[in-house]
Each structure stands twice: as structure tokens, then as C-alpha cells.
Ligand SMILES: *Cc1c(COP(=O)(O)O)cnc(C)c1O
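In our numbering, the protein residues as written are 1083 to 1483.
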């Protein structure tokens, strides 16, 4: 399997950025490779044909990105009224939306009922009461805490998911309220490199199906395996194999016939298609160390991107220097390329000292107005940005399509 479409080729990206750069003065900008998005959808369908993806909108709600997902058959995971509104506005029918927030404001539940979004998650008795009152026709998925969140970068279990001993009382409360539980959902944590976490979570989900049987509830038929997927080919293939094997192991052939398996991938689709191109707006030399200020940072797109990922996404790319002889392509990073490199610090533009992008990173000598490129900047980047200090995140997105 390869994630690399033609347009994901780095030399193509370089040329593309170079063309745009000529029109730009110093504003940072994104490049969104829509061909790559379509490739990722194909990769998903090839590896997990039985699992319908509901893209987690919070990960990246860029309109052109969402429109491409809509056009190629993705469904959507929304967590708020405004996310539901934005997906409906793209012409998506409400049965392609799951309201996958286990704790919802009453007014948002009422809105979901009005527009016909009829599938949601819960993990508390109080949520059952709100849904009973405001949206009694809604189908429910019991969100359980994944038993194993090791190997993920961002665990969710301290906030969401019923504990094993809470499952039976919650199911009984749903029964008493006269609502429908269609199945189970979980999230093994974002950016997981532990494919076995899916297996233990699917085993735990099966135990909930059995508990519903024991309570003589209508049979459950939906298994929602959440997010956590990364688009690295080997990791994704391992995760897909773990999911398929676990579904086969814990659900009989008969049970599988009536089973709907769905997922809520965010990072898988959003991370790699976006590149952010930043401008060096300031420089300071301290002995051998080079310090640069760029016009993107912690409060722009980088708050939820860990330092290792930032270092890697910069290393793999070229920086383009605009000297008098025209474009000069330099390799950023350790030991690659022939030019001399310096231990460099890269700061974001705000006055908060936390706003530091790279430290001790080898870069060639760069100048004010040079450009620094970061790949794989689409997951929890612009969607988490704030306007702190008046900077925000890159405003323009150029499309490769
Ligand atoms: C954020 C979130 C996701 C997406 O997670 P990724 O790790 O980006 O795939 C899926 N489901 C729920 C309920 C979430 O909160």
C-alpha cells in the first residue's frame, strides 16, 4: 500500500510552493493536496471495506477538505450544533452524521432532534435523562472506556467512557427510560501505535453486547471503533488487520451478518494532506546558534503537534531561499545535503515564551524572508488555533487538485 499519489511527490510540492511563493509577500499559507485525500479514502476502503468512516470534524473542518470527503462517500462525526450545521450545509443527509459527544448541551440535543441527526453516544445517566426528554427517538451507542490506551499520543479515557462496572446500570437506565441502545463505541486515543488496543476494546464491546442480551434488551448491532488511526502505511495496515481479526474472533458469522461497523477517523484523513509554509520574519545570531522567528507557531497551527513531529516534518522538506540568483533549494536537516548547518531555534510570532517551534534543530543558514516548510500539518492544527496576540493561523489555503 502506498499513501503517495503523484501530487504527494515532494518535488511536485516544492514546485507548487515555489509558484505560490512568488505571489506571496510574507504571509504564511497552507497547501492542501486533495488528490492525496482521495488516495487516503481509497486506502481506507481497501483495508477496511466493512468499516464506514465518519470523519471527526474537529480534527480539521477546512471547507474544501470536507467537500472532498463528502464527494467521496465519507460520513461525519460531529460534536456540537455548529459542526452539525456545517456538515448539513454541505448537503450531507443527517443519517450520515453521528453526534459523537457523550456529554451534550440540552439546546444542542434539541437541535439534533429538529434536523434528524438520530445517532449519538452517552456514558452517564444524566445524559440518558436529557435525551429521553429532548430526543427520545435517537439511537444510542454506549461509549466505553478502552481498556488499553497505551501507545497513543493523546488518551481520552480520563474524560470519556463508561467503566466496566458502570455498563450494566447504564443499560438498565436506558431500558427504564424506554430508549434504544443500538450498540457500543470507544476511542483508543489519538495517534495510536498500538494496534492491539483495538482488539482489547472490541473484546470489551462484545461483553456489552452480551450484557444487553442478558438484560433481555433488543439485540445490539452497531460497533463504533472510534479514531486513533495514523496514515503511516505499516501502522494503518496493522490496525486494520487487528480490527478485522478481532471482529471475526468476537462476533460469530451469524452476528456479523447483522453487524454495522463504523469508525471516527480524524487524524488518518487530515494529517498528511496539509502542508504549512511559513516565512522567517526575524533572526538573531548567538555565537554558533541561529535563532529564527516565523509567522506560525504554538497559537497558530502547532499547539497540538508534538516537538518530534514538528522536527520530522521540517527535516523532510526543502527550504527555499530567494536570493538574487533566483530560487535556491536547500535541504533542511541533519546530515542531508552538503551545506553547512547550525543548531537552530525556531520561535513562533507571539510574545509567549512557550511559543517555540524547534530547538537544537540543524538548519542551514537562513535569512529573513526565507521560507520554512512543515509537512503533515492537518490534524488538530488550524482547528485548535487562537488569535492570541493578534496572530492566528495561516489564512490562505492553496489547493492541489
Ligand atoms: C477526536 C475524536 C475522534 C478522532 O480521533 P483521531 O485520533 O483524530 O482519529 C474520534 N472520535 C471521537 C469521539 C473523538 O472525540
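The beta-carbon is built from N, C-alpha and C at its ideal position, and this holds for glycine as well.
All values derive from a computational prediction rather than experimental measurement.
Looking only at C-alpha atoms, which of 1210, 1221, 1189 sits nearest to residue 1202?
By one-based count along the chain shown, residue 1202 stands at place 120. Each of 1210, 1221, 1189 was checked against the Cα of residue 1202, and the nearest Cα belongs to 1221.
Verify the contact flag: residue 1159, CB atom, against every heavy atom of ligand 1, threshold strictly below 7 Å.
The count along the chain shown starts at 1 and reaches residue 1159 at position 77. The answer is yes for residue 1159.
Simplified DSSP assignment, three categories, for residue 1380
Translated into the one-based positions of the chain shown, residue 1380 becomes position 298. Residue state, collapsed to three classes: helix.
For residue 1338, the three-state DSSP class (helix, strand or coil)
Along the chain shown, one-based indexing puts residue 1338 at 256. Taken through DSSP and simplified to helix, strand or coil, residue 1338 comes out as helix.
Let me check understanding here. Comparing Cα to Cα, which of 1235, 1266, 1251 lies closest to residue 1259?
In the chain shown, the residue the question calls residue 1259 occupies position 177. Taking each of 1235, 1266, 1251 in turn and checking the Cα distance to residue 1259, the smallest one comes out for 1251.
What are the boundary residues of the beta strand (DSSP E) that residue 1424 is part of?
Position 342 of the chain shown holds residue 1424. DSSP places residue 1424 inside the beta strand (DSSP E), whose first and last residues are 1423 to 1429.
Can residue 1223 and residue 1304 be called in contact, C-beta distance under 8 Å?
As a working mapping, residue 1223 is identified with position 141 in the chain shown. As a working mapping, residue 1304 is identified with position 222 in the chain shown. Result yes, Cβ atoms of residue 1223 and residue 1304 sit closer than 8 Å.
Assuming contact is defined by CB atoms lying nearer than 8 Å, are residue 1371 and residue 1421 in contact in what I supplied?
As a working note, residue 1371 is residue 289 in the chain shown. As a working note, residue 1421 is residue 339 in the chain shown. No.
What runs of the beta strand (DSSP E), each 3 residues or longer, lie entirely inside the segment 1207 to 1237?
Correct list: 1221 to 1225, 1234 to 1236.
Tell me whether residue 1457 is buried or exposed, calling it buried when 16 or more other Cβ atoms sit within 10 Å of its Cβ.
Numbered from its first residue, the chain shown carries residue 1457 at position 375. Answer is buried; the Cβ neighbour count reaches 16.
Measure how close the beta-carbons of residue 1152 and residue 1174 come, nearest whole angstrom, since I'm counting them as under 8 Å.
Here residue 1152 refers to the residue found at position 70 when the chain shown is read from its first residue. Here residue 1174 refers to the residue found at position 92 when the chain shown is read from its first residue. With a Cβ gap of about 6 Å, residue 1152 and residue 1174 count as contacting.
Tell me whether residue 1471 sits in a helix, a strand or coil according to DSSP, three-state version.
Start at 1 with the first residue of the chain shown, and residue 1471 comes out as number 389. Looking at residue 1471 - three-state DSSP - the assignment turns out to be helix.
Unbroken stretches of the alpha helix (DSSP H), 4 residues or longer, contained in the segment 1156 to 1195:
Uninterrupted alpha helix (DSSP H) stretches at least 4 residues long and entirely within the segment 1156 to 1195 occur at 1163 to 1170, given in chain order.
Identify which residue in 1480, 1253, 1379 has its Cα closest to the Cα of residue 1469.
Residue 1469 sits at position 387 when you count from the first residue of the chain shown. Comparing Cα positions, the closest option is 1379.
What is the DSSP secondary structure of residue 1436, reduced to helix, strand or coil?
What you label residue 1436 is simply residue 354 of the chain shown in a count that begins at 1. Of the three classes helix, strand and coil, the one that applies to residue 1436 here is coil, per DSSP.
In the DSSP assignment, the alpha helix (DSSP H) including residue 1349 goes from what residue to what residue?
What you label residue 1349 is simply residue 267 of the chain shown in a count that begins at 1. It spans 1349 to 1352 - the alpha helix (DSSP H) in which residue 1349 sits, taken as one unbroken run.
Let me make sure I understand the geometry here. Which of 1472, 1460, 1386, 1446 has the alpha-carbon closest to that of residue 1438?
Your numbering for residue 1438 matches position 356 in the chain shown. Considering only alpha carbons, the answer is 1386.
For residue 1272, name the three-state secondary structure that DSSP assigns.
Translated into positions along the chain shown, residue 1272 becomes position 190. When secondary structure is reduced to three states using DSSP, residue 1272 falls in the strand class.
Which residues in the same chain as residue 1236 place their Cβ atom closer than 7 Å to its Cβ, once the five residues preceding and following it in sequence are excluded?
Taking the chain shown and counting its residues from 1, one reaches residue 1236 at position 154. So the qualifying residues of the chain are 1271, 1272, 1273.
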